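Numbering (my numbering), first residue to last: 1 to 356. For glycine and all other residues, C-beta sits at the position ideal for the given N, C-alpha and C. Just so you know, these numbers come straight off a predicted model, no measurement behind them. Step one of this worksheet: look at the structure below.
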């Protein structure tokens, strides 16, 4: 039994994670940073703790593993197949020359990612991606400002008495790499980067790898062959309003943020010509783009479906721009597009970028 559980009577979930790590790092005693008071007991941190191991595989690096997204103690959820959220996060950080102790910032970084899962219920999975809106290590000058998620190459999933647990590795990316990954497919991009990024170890000092030998050709061929795997995006800025103007053709106004428009202009030509839809999910509305033999827009409850012929898709990408203003598209004259500036803030609420 581990000694981490406090007043809980069983540590089966925790012990299963420990056993998996003991097989990977036999004889090594990790540094463990535990939470004094778990969030389930009124504390501020959602994770019970994070362990970090020194690894020499690939390149010397620090291997962080969370405890708390799965059920560490007794079974509480109603899903017998998965333990808690069904995962724990891992993170591999390049060890700097002469570094004898693992950096502390990933502990807060991983707690924040777990906090997002607990707060929103959105569970990360292999192939997902996320923008950090700034350096993943706060206050550090680095190009690594985004992340992807992949199954940890050294930690296979485990079956515990509380259900399955996947070890999902957080992989640091540059903004340019993230953009290409969302255009194509994050999983395929990570595979293309792997020869230059062993075990997907995050290196805060590296530049973008898109110019590395062979990567650009693989990406270009993949986009031409596959289109984009991104089927949905989420946004805080999406409003749909029915209009009743006396002298205008538009009957529906769609309000979007400039950042989302930039994403749409990139992804729609990589989705609709491949007979795939693309959804934009907001807090209260859904905007669904579909390829069609005829143009049209249909508002049903909180979903606006927009169908476009190839010529209208070309007109859409030519007419709209990620800049504040009002736009209309030939072939979709019943729709008016209102674009707002996107204000990007860091974790402290400081404005770091304005788009549009």
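Let me know the alpha helix (DSSP H) ranges lying completely inside the stretch 52 to 123, each 4 residues or longer, listed in chain order. 105 to 120
Who does residue 281 pair with in a DSSP beta bridge? 234, 286
Beta-carbon gap between residue 25 and residue 49 smaller than 7 Å: Result no, Cβ atoms of residue 25 and residue 49 do not sit closer than 7 Å.
I'd like the ranges of any alpha helix (DSSP H) spanning at least 4 consecutive residues and lying wholly in the stretch 254 to 339. Complete alpha helix (DSSP H) runs here, min 4: 258 to 267, 310 to 319.
Boundaries (first-last residue) of the alpha helix (DSSP H) holding residue 14: Segment 12 to 24, the alpha helix (DSSP H) holding residue 14.
Find the nearest neighbour of residue 255 within the set 323, 222, 34, 152, judged by alpha-carbon distance. 323
Considering only their Cβ atoms, is the gap separating residue 290 from residue 234 smaller than 7 Å? no
Ignoring anything shorter than 4 residues, give me the alpha helix (DSSP H) runs that lie fully in the stretch 158 to 200, in order along the chain. 175 to 183, 186 to 193
If you follow the alpha helix (DSSP H) that residue 143 is in, where does it begin and where does it stop? Premise fails: residue 143 is in no alpha helix (DSSP H) and is neither H nor E.
With a threshold of 16 other CB atoms inside 10 Å of the CB of residue 11, please say whether the residue is buried or exposed. buried
In chain order, what residues of the same chain have a beta carbon less than 7 Å from the beta carbon of residue 7, not counting five sequence neighbours either side? The predicted model places residue 7 with a pLDDT of 44, which falls under 50 and marks its position as unreliable, so this point remains unresolved.
Could you compute how far the alpha carbon of residue 210 sits from the alpha carbon of residue 109? 25 Å
For residue 196, the nearest candidate out of 185, 208, 132 (CA to CA): Residue 208 is the option with its Cα nearest to residue 196.
Which residues in the same chain as residue 275 place their Cβ atom closer than 7 Å to its Cβ, once the five residues preceding and following it in sequence are excluded? 291
Could you check which residue in 58, 80, 115, 128 has the C-alpha nearest to that of residue 95? 58
Which same chain residues end up closer than 7 Å to residue 343 when comparing Cβ atoms and leaving out the 5 residues on each side of it in sequence? Hits under 7 Å: 351, 354.
With DSSP run on the structure shown, which of helix, strand or coil describes residue 2? Unreliable positioning characterises residue 2 in this predicted model, as indicated by a pLDDT of 40, which lies under 50. A coordinate reading is not provided.
Below 8 Å, can you find three or more Cβ-Cβ pairs linking the stretch 70 to 78 to the stretch 89 to 103? no
Could you tell me whether the stretch 303 to 312 touches the stretch 220 to 233, using the rule of 3 or more Cβ pairs below 8 Å? no
I'd like the span of the alpha helix (DSSP H) that includes residue 215, first residue to last. It spans 215 to 226 - the alpha helix (DSSP H) in which residue 215 sits, taken as one unbroken run.
Looking at the unbroken beta strand (DSSP E) that takes in residue 356, where does it start and where does it end? From DSSP, residue 356 is part of no beta strand (DSSP E); its letter is neither H nor E.
Could you give the DSSP three-state label for residue 155: helix, strand or coil? coil
CA nearest to the CA of residue 120, picked from 65, 283, 55: Nearest C-alpha to residue 120: 283.
Take the Cβ of residue 35 as the centre, count every other Cβ of all protein chains shown within 10 Å, and call the residue buried at 16 or more, exposed below. Residue environment for residue 35: buried (at least 16 other C-beta atoms within 10 angstroms of its C-beta).
Just the Cα atoms here: how many angstroms apart are residue 219 and residue 244? 46 Å
Between residue 2 and residue 46, what straight-line distance do the alpha-carbon atoms span, to the nearest angstrom? The predicted position of residue 2 is uncertain, since its pLDDT is 40 and thus under 50; a value taken from the coordinates is nonetheless stated next. Cα to Cα, residue 2 sits roughly 19 Å from residue 46.
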